[in-house]
Structures are given as C-alpha cells and as structure tokens.
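In my numbering, the protein residues as written are 4 to 1248.
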Amino acid sequence: MVGKSSRGRLRLARRAVLFLVLVLPSIWLLRGYMIAPPLISWLRADLAQRYGAQLTVEQVHGSYLMDLELRGVNLVADAETGFPVKSLSGAELRLEYSLWDLFFHGIEGVRALTLNLEELTLDLSRTEEDPDPAAEPASLDLPEWLPRIEITAGSVDLALPGGRSVALRRLEARADEPTDVQALVLEAEKIRVDAPETGALESPLHVRGSWLAGRLAIERIEALETRIRNAEVDLTSGEIRVEELTLSSEGLELEAKGLNVPLASAGSLAFFADLKGELAVEVVRVPPMLRELPEGFAGALIETFAGQEGLLRFEASIEDGRALVREAHAETRSGHLTVSECRFELDAQDFLASRFALVGDIDLPNLAEIVQLFGGVLPIEGSLAGRADVSGPLESLLGAIELEGSDLSIYERPVRHFEAKVNFDGDVIDLGSLEVQLEEPNFLKVSGRYRVKEGLFEEVRLDGQVTRLEELRIPDVPGGDLLVSAVLEGSLGALRGNVQLDAGNLAFRNRAITDASLSARLEWPRIDIEKLRFDDPLGAIEAVGQAEWTGETQRFELASLRATREGSELLLDRPASVVLGPNKVDVGPFELSGSAGSATVGYHEDPLARGLSVHLDGFDSQVLLGPWLPVDWSAGRLDGRLVADLMGENPIIDLDLTAKGVRLGGDSTAGWVVHGVLRLSEGRLVLETLKADHPEHGGLQGQGDLPLALFEEEPFPEGALQLRLELAQLQLATLASRLTGGAVDVEGPVTGRAEFSGTWANVMGRVSLSHPGVYLVREGGGSRFGPAHLDVLLEAGDRITARVSLQDEEGFEIKVEGSLLARLDVQDIEGVLDGALAGNLILDADAIEEYTYRLKGFPRLRGAAHLEAGITGSLREVRWNADLHLHDGGVALGVDGVPPVTGLEMHLRTDGEQLEIVQAQGEMGGAPLRLQGTVGLQKPHELDLEATGEDVLLRRLDGLKLRADAQLALNGPLEGLRATGTVALTDCSFVRRYNPMTVLQRDRGSLSSSRGFSFSIAEAPPWSEVDLDIEIRSKDPFQLKNNIINGSLRPELHLVGSCAVPVLQGNVYLDPTRVVLPSGTLNVRAGTFNFSEADFNLPRLQIAAEAFVRGYRIDVQVSGPLDDPDVFLSSIPPLANEDLLVLLLTGQFLESVAGSDTARTVGLFLAKDLMQHWFANESTEEGESAFDRLEIWYGVDPIRTGVETYNATFRLFGDSDVGPTQFLVGEQDAYGEINLGYRFMFRLR
C-alpha cells in the first residue's frame, strides 16, 4: 500500500508541474524552437554521458498537446555499456494522445502509435548494471484496451543471454481499433533463432490473437516448426491454458491437447539423469497422459550457457489429490539442494486444511555463480546455507526455515552478518528476523508476526540505514544517506502503521536539494502525511496533508505548506485539495501568499466544463521551484494572469505575464525581464506583445496574429497570418559558449529580423541575421581564430532560398547558397521535404592550419585549401558531391620521431557514396610518398588504398634512423580490413651509446619475469582488427654502431596476425660484428634470430663468435630461446669452461680475477668508454670516430708469467673485418721495453 501512496504523490507532483507549465503557454507557440531542441539536446547529452550513445533527430513535428512526430531518429550506443538499444536507424515515430488522459489515466491516454524503422539492434544478454536488490517489482497495471498500433521494421536483431540471438526480417505488428475484441497480428517474413545447443533455426512467423481487458487470446502461432492454437493467457490472474500444442524438430516430436486437467488426475513421474547444464521444469496442470509414462524416464537435457556439470535425482508421484516427492537432489559446483521429504494433500472443501510437509537443506558456497547461472548481474559474493523443516495443515504449520550467510558482500560492501529465520507455530507465523548488517552504521532488519486464520500482520517492523548511496552505482539514485523505519499491522486490505524516512547529504546532478524527510501515518485507505520536508542550502519546503482512496475516487488534501528561501516566504492561505474521479477533476484553488508574493491556481474538469485560472502577483517562483531547478536557473519573479476555457469548439486562452530576473545558466544571464500578452479566441492566436530585455545583453520582441486551432486534429486552419520578430543588439556570448561546449565565442551584438505573412499553406517571409564577432576557441582554451563575420539570409515565397557566409580578415571564407523548389507549406510538410534542392558550398582558406588544430584528434594539417560542393536531391534525401584541393600542404602526425609530410599536393573527390583520392603526394624526410585509392562513405565502408614511397624516412630519434622503400595496400570493408605489401629497409642505423655502468646500477628485482616480447600497432578497433600480410626485408643492412657493438642486421621477415597482435615470422641475420669487452674484442662471425609460428614472440638464437685473449683463441656458440640461451665456450689451447668465461669477460685468469689486474683492465675499458662519450657523438650520419679505431688492453705475458704488458693498435686505413688493413701498433713487452711499429694486414678470401 506504501507503493500506491508513492504513486499517488507522484501523480500529484506531475499535475502540479502541469499547472505551472500552463502558466507559460506562449512557450507552446515556439515549441519547435524552445522545447524540442533543448529537450533533444538534453536527451542526446544524457545518453552520451550514461551510455556513450549518439542520438540524432532530424525533425520534430506535432501540436505537442494531441500528437507528436519524430523523423529521422538514429542512435548508436557504445558496445561496452549496459544500454539495451545498440543501434537504431531510419526511425519515424508518431504518437496520438489526450494530454489530460495521459496525466489522469496513465497509458490509456495514448490513442495511437505508429513506428517505422529500418534497423534495430537490441542487446538483452545482460540486465541493467547494479540493480537495487531491495526494490520491489513494478506492479502490472494493464489497460482494458491497447492503443491502435502499427509497427513496421526492415530488420530487428536481439542478442540474448547464453550466446543466443533472434533475427527478424520485414516485421509487421498491428493492433486494430478496439471494438468488442481487439485483434492483434504479428508477422515476419523470416525469424531466425541461433543458440549454442540447437544451432540455427529459421522459418516465417505468423501470430494471430486478440486482447480484452488484460486477457490475451492466441488463435494461432506458427514458427520454427511449432504450432500453438487456441491458447489463452490471463495476465490479471496468471493463468495459462493451451488447447493444442505441436512441436516438431529433428529427433523430437511432442503433441499435447487440452492442458487443463485438474490436479486430482492420477499420474506418476520418475526419472534419473546425469546432466551437463541447467534443467528448468514448469508444470501448470498435469495432463492425463502422465499416467502412461514408465516408472523411469530419461531424456536429453539442454546444454546451456552456464556449462556446469552436476547431478540431478528426482522421484515423485501424484494420485487422488496427493503429491509426494520421495527424493529430490540437485548438485553442481555452485552448491547443492536436497529435499528428503515433501508432501501435499489437497482438502477440496477447505484449502487451508490441506496438509503440507517439507524437509530439506541448501548449501550455496558461491552465490556469484548462482546469480550468473540465472542470468543476473547482482554484484554479490559469498556463501549461503540453510535448512527447512515444516509440516502440518496450512492453517497451523509447525517448524522453521533458517538461512545464514558468510563472507558476504553486496555492491562490493562487506556484509558483517546475514540471518533470516521464519518460525511456524500453529496459527502464528513468526517472521523471526531478517537481519543484514553491513559495515557500521549500515544495516537492514525486518521482524514481525502473521496470524494465518485471521489474516493479520502484527508488529511488522522495518528498520534500515544506508550511507554513501553513490557507491551502490544504481542508476538515477543520488549520493547521500538514507534512514528508513516503519511499523505496520492489520490485514492486507486494512494496513495501519507509521512510516519515517530521512535522506541527508543528497547529491542530485545539478540540483540544489540536499535533505528530505517524510513522516506518515497509514490507516488504509487513508494516508496522513504528518510532515514532508525538502531542504537545500538556501531554503526549505515543508508540507502537511492527506491522501485517501474511495472506490474510483482519489482525494489529496494539502493542509499546510510553507516555503522559505533567502529571507522570502510563501504560505498556503487555506487548505486545498485535488479530487480525481471517473468523470471529474477538481484542483484547489491553491492560494499562496507571503513576502515572496502571491499566487492562486485552480482547475476544474467535468463532462460539461474544463477551465484553468492562474493569478500571480510579485510571485518569486524560485522560493517554490528552487530545489528542483538546475542550480544556475531561475524563472524569476512573475506577475500576470492566465485564464483558459478549454471546452467546446472555441477554446479561449487569455495570458498576460511578466517575468523579472530570469536566469538560464550562470550569473551572467541573470536579470532578464520577459513580458508576454497573448489571447486565443475564435480560432485565432493574437500575440499582442512578446518582449525579452536585459540591461547588458540586449533583447528581442515580437508580435503576431495567427490562425490556430490549438486542440483540434488539424491545428493550422485556413486564414491569413502575420508574425514579426526582431533581435535588438542581443548578446549571445554565454548562450553560444554553452551550446557549443566552449568551442565558439561571440563578441558584440547580433542583429536580425524575421517577418512572415501569407497562410499556413504558403508562408512567405524573410529571416536575416548578422554578427561581426564570431571566434573559434582552441580546445582547452588559449588562442582563438577570429573574429569572423557571420551573415545569414533565409527567404520564403514561391521557393525557399538560403544564403550563409562566414569570413575573416586572414583569407578564410565559407559561402553556402541554395534553394528549395517548394513553398513553405506548414499543412503539407511532406511536400516541403520532397521539393527539389539545389545549392553549393565554397570554402577557401589560405592557411588551413589555423583551423584544423582546433579539432580534437585531427592531425595538424597546413596549406591552402579550396573546397567546392554541390547539393541536390531533396530535404528527405540530400545528394551532394565535392572537390577538395590542398596546395603546398603538410601533415604533422604528432608521433614522436615520425617526420611530417611536406610539400603535400592533394585532390579529393566525393559523390557522397565514395571518396576518391585523385592525387596525394608529398615528401617524408625529403623522399617522395604517394597515396591513391578510394574510401566508401556508406556501410560497410569499403577501402581500396595504395601507398608507395622510395627511401622514405619513417622515424628519426636520438641515435636511431629508419628509412625504407614501401609499397603497401589497405583493402576491404572497415570491419574486415587487410594490409598487404612490402617494406624494404634502405638507410637504417642505430648508434645510441650504451652506458656500461647501468649493469651496476640496475635493480635486480626490476628485471621482467615475462618471457619473450610483444608489441601492437593499434589497440582500438577497427584498426586493431586489420589483418596483416607484409614482407619486411633489407635492401641495405641495418647498421649497429656504438661504444659496445659495431655490425649490421638483415631482416627477412613476414608480418602477419592483426594490428592488435602482430606476429613476426622468418629470420633476422646478424652480419660479422664486433662487440667490445673489457678483455678485448669479440668478433661475431654470423648469427640468426629465428621467429617461428609457434614462438613468434620468443625468437631462437644461433650465434657463432670468436675472441683472441692472452694467446687463447676462444670460440663462442650461442643457441636457444632469447630469454634462456645456451652458451658453449671452447679454446685453443684448451682451458676449463669456468676459466674461459672469466678470461673472456675480464681478460684475466680465474686465479687472479680478484686482484688489481682485473680492476685495472675494467678501469681501462671504462676510461676508454668515457673518452669516447666526451669526444664522439650519436649522430646517425656520423662515420667512425678515432676511438672506434683504437684498441688498448692490459695483461700478463702468457710465456713469461708474472710480467705486466700493455698493447695498443690504431687502425689507419681499411675495414677491421674485410680487405687489407693498415695499423699503428705499440706495446710494453715482457722486458719492460716500449716498441712501436706499423702493421699491414692482408686477408685471403
């Protein structure tokens, strides 16, 4: 009953809002400009923020009071959000309704619904995120008749849980005008059902039925080899009756007739089965054929998305009104349920005397898996265990049911204690307790008793507290704290008790309200509201009242109301009520007065009269509306009247209203004064004056005389019309910034006029607009482009023409001119939409970089641009073509080390269906680069692009240079692209110095424990899904040259996989290379890095090298995976493996490795490296330095042991590895003598 009270208050609030809206009916006259655009903009922004959805609505039509029509509705939602509508295209929606009946009688106010759409995609595979576990299911309030419905859809696709899907093609649904019985029809040219357990099933769909007062009668359903005839579904009582059912598919046939046999029919059922999956059984009535089933029955069970393996054992019998479950046991990895005894004996004379017994236990160690098993998304963790032992007549059961949880958490909040217990003690059912204790101070506790025979609740208590509501992440629930307490007793039809609700620290989005409280006394069918209070930082609203339901009449009485805000006060002068009856509505009058002015509002409706009266005198609307409006909005102080007689063929409206201090967002918009006088009589709306002024922001004014049948099906009758609007030095800076998110700034006043005459069938007129100071603001603020001068001119006569121009002093100019070969016929908008369209657009920009850098994610483009576009077709189907030329341009991709494209000459052409790159050529790093091909602009967006370049500089960083010849192609639809071609490395080098001291500085714990390496080219679709087939080879070796290594690489690779997970296959060959060690030089003869398909991210090494140290020739063989290679050492003359390793790394023998000789050798190595760092550079264009040619080593004479020696060589000419080479050599020999010489070395090939 509390739920009905809430709904009653909600309806009262809706009607109160309705009366306030009626105070400003002039808004209706400009609904196409003042209602639809802000409403659609708000809806578009809300969908984008909540679900990442993009909504577009091309046109909005209708009277708004009787009908509404939306055209060109398209929606695309982010795939990762929980929004069920993933895409909607080409939708047209028309609603016909009675506005009064909508508010007073709910859904019955809708008269007709027409929906046409091209494509609709729904994702129902998951329910709404973070549902409220304590929320009661919404009650089903079914209308006696459905509205007239017509729905057509080209395609409808539904994604369902468990990988299932349903696709409908050419769908038509219809509900005819209601007569004695309302006919329903649902047909589809094709229905296709895909499920993992059945595969794909496909057939036509035919459904015929009827509707009457909540009862759905199905005459016929034919789909997927299933036929159902003469079925009846009573949604008011929950009964289902089927006269005939036939189901047939491969390997299974089932036929049933007359599924309405009483429960007393004899029969038995017993089966045993091991299953993998989920078993769901629903029995409404037991048919006689169950008596013919064998004692044991095994059937094929459906393997579901849950994929759980378990065991089910079930045995039951039914005979002469007695049902006996002898054994039932179900077990999966998520827990088990066991029923050791369950009996039911029906007493046909007295149902409450029927006997019942239940004994069993339940253990669910993983509640999260249980929730997922049934398709839920409730974020709950932990386990639940319990036992049931109940027996006796239904009117006097004995026993108990107990449940207890452990390690529970809900919405990631730990549950410190959970316990539920129900005791059955004869006539009394003791609810015992339901107790949920979260972290302090959050809790929920329910207790009480129920007397079965009397049907009475006794001392049922509900107490709970939840803090930080925002952490529950429940949609539309604000942040804050909630405390609830209720005590109820009595029967379901006569509950009585007290309810207390307190909410604090509320955080509604962009609303001022912070606290709310409710104290109420329930004496059904009456609710006494002892206190209802709302608070915000500037004021409070407090009310006392009563609600009562008597038969079909609802009465709401407001005994007192007090609203305060910033020292102003409003009081209800005398009690007032709202009475809603079957044929009568009475509202007030409500009389408010105080220091915040006065207001009187009254409304009456019966079969003979319908009238509204509103009188305002210095009424400060913010005192009453402040908590509910956006924080920076205000309707201001209102003076005037609204009197309306809305009955009969000639409704009358008389409005004279002045609003002072109107604010539409931000302090800079405060201070508006709006005054309007209009009268509706004899089928004409006379707008005597409409004026809005601001001391700093200028204003607008208008007058008009229009034929208007406000409440008729055709609201635009014949007759002459006159309308004039004028903008007087209007400042739009704040409005422009808000509408464009700060992307557009305007300075200075805008001037304009609009004048219309003629008839609704041929509106003639002229609209002109001019503004001298339009700026485009760079994202994030900062610099601006402008000022630019904007001129707009629209004219309507025999045709509709438009001219728009925007130009600045720097050579940027946009011109749009066009005409529509049609009259502006409000009565026949279809004709306007079908009129022939002809126009052109010209854009000239001498420096396009001044504008493109403001576009988020757009590459920095420069150059001189010229665009010419032609527009044809109609407003319903616009066709266009365009040519874009870019001269002396450039593109900076914004990637570190990637050079810009310079000298870009580009010519693009499009016809709206396809973009053709006629010419696109430029330079990267002084090398030519060309691009040509086409891009499809319509789904599936086919691409056919080819890029070529010779010796193109791909990347240049400190110590790194990459150049290559490239010939690449990108082909296929956007969601299935394939990149092919070749990349041949030409002039590539790596010369970055390696600091040997990093070996000593490195934290050993920082070494990665992962095997291999991975990289990605793109991480976001569709580019991440591009298939790769690219050959990478070496035209010239990749040079490696720094203080440690001097050599080259030659890749011969094949790049496959996708851009998200690229896969390298093939070899990288290591040419003869020198590696500098403290002991001297390690000469790599050859090497290979092999990338295989099996281990594409972990290449295998095969390297052969040699070194000459202290008279030893040391051979090094390396093989195996990159992260754990095997190293084999051998020498001539032979030396132990441990000695060889020390000798190779330090130049010393093992027995002297701890001595000063080793330190001297390493110090000499580091000193040489430091000198090289000081005097050399890391330029990729630098040749060999002097230090690259110098080798110094220190050691002990291998023959005359113990004598220190020094050796040094300096290469004068030639290569160190190939051909003749000349050296200067020096030494201090074993005798202490210093020797100098010249060495000339020949190498035989």
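Backbone N, C-alpha and C define an ideal beta-carbon position, used for all residues, glycine too.
Keep in mind it's a predicted model, so treat the numbers as computed, not measured.
Check                                                                                                                                                                    : Outcome
Quick one: Cα of residue 586 to Cα of residue 535, how far?                                                                                                              : 30 Å
Name the residue from 849, 895 and 881 whose alpha carbon lies nearest to the alpha carbon of residue 863.                                                               : 895
Indicate whether residue 754 and residue 730 have their beta-carbon atoms separated by less than 8 Å.                                                                    : yes
Hey, could you find the ends of the alpha helix (DSSP H) residue 625 is sitting in?                                                                                      : 624 to 628
Which term fits residue 570, buried or exposed, when burial requires 16 or more other beta carbons within 10 angstroms of its beta carbon?                               : exposed
Give a yes or no on whether the C-beta atoms belonging to residue 192 and residue 158 are separated by under 8 Å.                                                        : no
Go through its chain and collect everything with a Cβ distance to residue 1044's Cβ below 6 Å, but skip five positions before and after it.                              : 994
DSSP three-state call for residue 570: helix, strand or coil?                                                                                                            : coil
For residue 1244, count neighbouring Cβ atoms within 10 angstroms of its own Cβ and tell me buried if that reaches 16, exposed if not.                                   : exposed
Just curious, the beta strand (DSSP E) that residue 937 is in, first and last residue?                                                                                   : 930 to 939
For residue 568, count neighbouring Cβ atoms within 10 angstroms of its own Cβ and tell me buried if that reaches 16, exposed if not.                                    : buried
Using the three-state DSSP reduction, which class does residue 1237 fall into: helix, strand or coil?                                                                    : strand
Could I get the ranges of all uninterrupted beta strand (DSSP E) runs contained in the stretch 144 to 224, with 3 residues as the minimum, in chain order?               : 151 to 163, 167 to 178, 185 to 198 and 202 to 215
Mind checking whether residue 421 and residue 408 have CB atoms under 8 Å apart?                                                                                         : yes
Helix, strand or coil for residue 356, going by three-state DSSP, please let me know.                                                                                    : helix
My parser needs the beta strand (DSSP E) runs of 3 or more residues fully inside the stretch 1034 to 1111; what are they?                                                : 1041 to 1044, 1048 to 1060, 1065 to 1073, 1076 to 1080 and 1083 to 1094
Taking 8 Å as the cut-off, decide whether the C-beta atoms of residue 1130 and residue 1119 are in contact.                                                              : yes
Where does the unbroken alpha helix (DSSP H) through residue 1135 begin, and where does it stop?                                                                         : No alpha helix (DSSP H) contains residue 1135, which is instead part of the beta strand (DSSP E) from 1129 to 1135.
Touching or not, the stretch 572 to 590 and the stretch 630 to 642, by the rule of three or more beta carbon pairs under 8 Å?                                            : no
Take every Cβ of the stretch 1027 to 1040, pair it with every Cβ of the stretch 971 to 991, and state whether three or more of those distances are shorter than 8 Å.     : yes
By Cβ distance, which residues of its chain are closer than 7 Å to residue 442, with the 5 residues on each side in sequence left out?                                   : 416, 417 and 419
Helix, strand or coil for residue 30 per DSSP?                                                                                                                           : Summary for residue 30: the model assigns pLDDT 40, below 50, so the residue's position carries little reliability; its value from the coordinates is reported in the next sentence. Helix at residue 30.
Please give the ranges of any alpha helix (DSSP H) in the stretch 687 to 727, keeping only runs that are unbroken, at least 4 residues long and fully inside the region. : none
Is the distance from the Cβ of residue 431 to the Cβ of residue 454 below 8 Å?                                                                                           : yes
Anyone know if the C-beta pair for residue 515 and residue 629 falls short of 8 Å?                                                                                       : yes
How big is the Cα-Cα spacing for residue 1022 and residue 1065?                                                                                                          : 11 Å
Between the Cα of residue 362 and the Cα atoms of 394, 386 and 387, which residue gives the shortest distance?                                                           : 394
Along the alpha helix (DSSP H) that carries residue 834, what are the first and last residues, could you check?                                                          : 832 to 836
Contact check, residue 212 vs residue 174 under 8 Å by CB: the rounded distance?                                                                                         : Not confirmed; about 16 Å, so no contact.
Give the straight-line distance between the Cα atoms of residue 467 and residue 520, rounded to the nearest whole angstrom.                                              : 15 Å
Can you give me the C-alpha to C-alpha distance between residue 32 and residue 771, rounded to a whole angstrom?                                                         : Unreliable placement is indicated for residue 32, whose pLDDT of 40 sits below 50; the coordinate value is still reported in the next sentence. Taking the straight line from one Cα to the other gives about 21 Å.
Less than 8 Å between the CB atoms is what I'm expecting for residue 887 and residue 915, so what's the real figure, rounded?                                            : Wrong, their Cβ atoms sit about 14 Å apart, outside the cutoff.
Please check the pair residue 52 and residue 79, which I expect to be a contact at CB under 8 Å, by giving their CB distance rounded to whole angstroms.                 : Wrong, their Cβ atoms sit about 15 Å apart, outside the cutoff.
Helix, strand or coil, according to DSSP, for residue 414 in the structure here?                                                                                         : coil
Is the CB-CB distance between residue 95 and residue 70 below 8 Å?                                                                                                       : no
Give the DSSP bridge partners of residue 472, in chain order.                                                                                                            : Bridge partners of residue 472: none, in fact.
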